[in-house]
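Below, the structure written as structure tokens:
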């Protein structure tokens with residue numbers, strides 16, 4: 001068992017913060033692990049973390065301390081996760097990705113591009129006879145279809161083939177959480193307000209999970225609310241599971257953001273007490289059948305997987321995965337938790353774009369049908385009006401015909417009497 005590694009990074013003051021508050025800051029550094037924080041009431045508190053990166057720190061410092069050990073572990077089949085947390089504008093995305101691509105260089109590039117380079121360098125440094133494959137998956141969790149405020153997750157899967165029949169797999173997961181913020185401070189309205197509420201709700205669910213992991217009874221198993229949000233479901237292994245986990249708390253040193261910074265520091269302090277159990281993932285035997293092991297059929301594998309999933313997912317989720325299994329033709333050993341999670345992840349990520357496209361096409365079709373329906377209603381109304389006018393015309397014509405018939409009959413009757421006799 002090992003604790004989650006928690007680090008803290010303070011960005012430099014922004015031009016707006018300097019303009020509003022000058023060079024006033026709410027922290028005073030003591031060393032690379034400890035600093036003093038001063039809140040809005042001028043009360044001081046001491047915080048200690050595994051490493052503190054002050055404004056003078058550079059991107060390579062963060063990479064060397066946080067990411068490099070995770071990468072080395074993943075190449076040796078030990079899972080690792082790096083999570084950035086903090087308020088909006090605290091430097092999470094800068095730490096994870098770096099500045100925008102036009103301003104990025106070797107010094108400023110963030111964890112993501114450095115992890116890519118590091119994975120390939122580490123695979124080259126191991127036994128040259130081993131074959132490695134590296135796969136990257138990416139998923140975003142947000143409320144709106146397109147949004148700049150979202151949880152962004154990068155999943156690197158590194159497979160090392162020891163022999164033709166044996167391989168082992170490790171994962172590196174990078175999580176760039178959406179920023180937490182005070183709605184009354186940002187003045188958000190409308191869709192932006194709803195988006196902020198959704199993001200804060202998922203971050204609150206993450207906080208609840210951390211509280212449950214750190215405050216539960218050591219002798220009695222307690223419920224961990226992983227299923228309260230999509231975010232906590234995805235991070236279940238990173239939080240108290242089979243993974244080396246690093247939390248990078250990104251903060252603003254400005255006194256104007258002291259309340260938000262204090263909230264972030266308290267979150268990191270709680271996370272320090274989470275226990276994880278990272279271990280080397282088991283070696284997969286690709287030709288187990290040749291060594292006497294029984295390889296289950298596809299149907300048996302899927303059924304056993306679904307039985308295990310039923311213990312953790314809703315009925316609708318299991319039925320959905322069952323359909324996906326049939327479509328994708330999954331075949332692997334369901335006794336392996338890593339295989340199970342990898343397969344579910346692959347299925348989800350492989351189908352999410354097609355499902356989203358199908359949904360967009362369905363919405364477009366519905367909009368077209370609604371437009372056609374509206375046009376048809378207009379045409380029906382016009383046709384009905386025309387029909388009513390036509391009926392009225394026919395009725396009027398019928399009345400006129402009857403009048404003409406009466407007049408015609410009257411004229412014939414009149415003509416039937418001789419005029420001279422009538423005059424006599």
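In the UniProt record's numbering, the protein residues as written are 1 to 424. C-beta atoms are modelled at their ideal positions from N, C-alpha and C, and glycine is treated no differently. Keep in mind that this is a model prediction, so the values were computed, not measured.
The alpha-carbon of residue 257 is positioned some 38 Å away from that of residue 157.
Taking a 10 Å sphere around the C-beta of residue 225, we find fewer than 16 other C-beta atoms and assign the residue as exposed.
The alpha-carbon separation between residue 231 and residue 139 amounts to approximately 11 Å. Rounded to whole angstroms, the gap between the alpha carbons of residue 65 and residue 13 is 23 Å. One alpha carbon belongs to residue 74, the other to residue 170, and they sit about 4 Å apart.
Residue pairing by DSSP places residue 212 opposite no residue, since no beta bridge is assigned to it. Closest in C-alpha terms to residue 120, from the list 160, 78, 151 and 154, comes 160.
With fewer than 16 other beta carbons inside 10 angstroms of its own, residue 211 counts as exposed.
Taking the CA atoms as reference points, residue 150 sits about 5 Å from residue 178. In this structure, DSSP gives residue 171 an extended state, which the three-state scheme calls strand.
The alpha carbon of residue 96 has as its nearest neighbour, out of 265, 250, 271 and 48, the alpha carbon of 250. A check of alpha carbon separations from residue 132 across 141, 31, 103 and 167 identifies 167 as the nearest. Boundaries of the alpha helix (DSSP H) harbouring residue 260: 258 to 271, taken from the DSSP string. Closest by C-alpha distance to residue 48, out of 202, 273, 357 and 394, is 273. If the five residues before and after residue 201 are omitted, its C-beta is found closer than 8 Å to the C-beta atoms of 229, all from its own chain and listed in chain order. Shown here for residue 279: same chain residues with a beta carbon closer than 8 Å to its own, the five before and five after excluded, namely 78 and 242 in chain order. In the assembly as shown, residue 281 is a buried residue. Its beta-carbon has 16 or more other beta-carbons within 10 Å. Rounded to the nearest whole angstrom, the CA to CA distance from residue 110 to residue 374 is 52 Å. With a threshold of 16 other beta carbon atoms within 10 Å, residue 405 falls short and is exposed. Residue burial is scored here from C-beta neighbours: residue 71 has at least 16 other C-beta atoms within 10 angstroms and is therefore classed as buried. DSSP places residue 120 in the uninterrupted alpha helix (DSSP H) bounded by 111 to 125.
No residue range can be given for residue 163, since it is assigned to no beta strand (DSSP E) and is classified by DSSP as neither H nor E. Around the beta carbon of residue 380, a 10 Å sphere encloses fewer than 16 other beta carbons of the protein chains shown; the residue is thus reported as exposed.
Put simply, the backbone Cα of residue 137 is about 6 Å away from that of residue 154. For residue 15, no beta strand (DSSP E) segment is defined; the enclosing uninterrupted segment is the alpha helix (DSSP H) at 15 to 21.
Between residue 68 and the set 264, 263 and 244, the nearest pair of CA atoms involves 244. Annotation for residue 85: the continuous beta strand (DSSP E) segment containing it runs 80 to 86. In the three-state reduction of the DSSP assignment, residue 141 falls in the strand class. When the five nearest sequence neighbours on each side are left out, no beta carbon in the same chain lies closer than 8 Å to the beta carbon of residue 42. Judged by pairs of C-beta atoms under 8 Å, the segment 79 to 99 does not touch the segment 30 to 38, as fewer than three such pairs exist. When the Cα atoms are used, residue 63 and residue 44 turn out to be separated by approximately 30 Å.
For residue 97, the enclosing alpha helix (DSSP H) begins and ends at 92 to 97.
The C-alpha of residue 89 is placed about 20 Å away from the C-alpha of residue 206.
A distance of 7 Å or more separates the beta carbons of residue 255 and residue 29.
Residue 108 is not a Cβ neighbour of residue 118, given a cutoff of 7 Å. DSSP places residue 48 in the strand class (E or B) of the three-state scheme.
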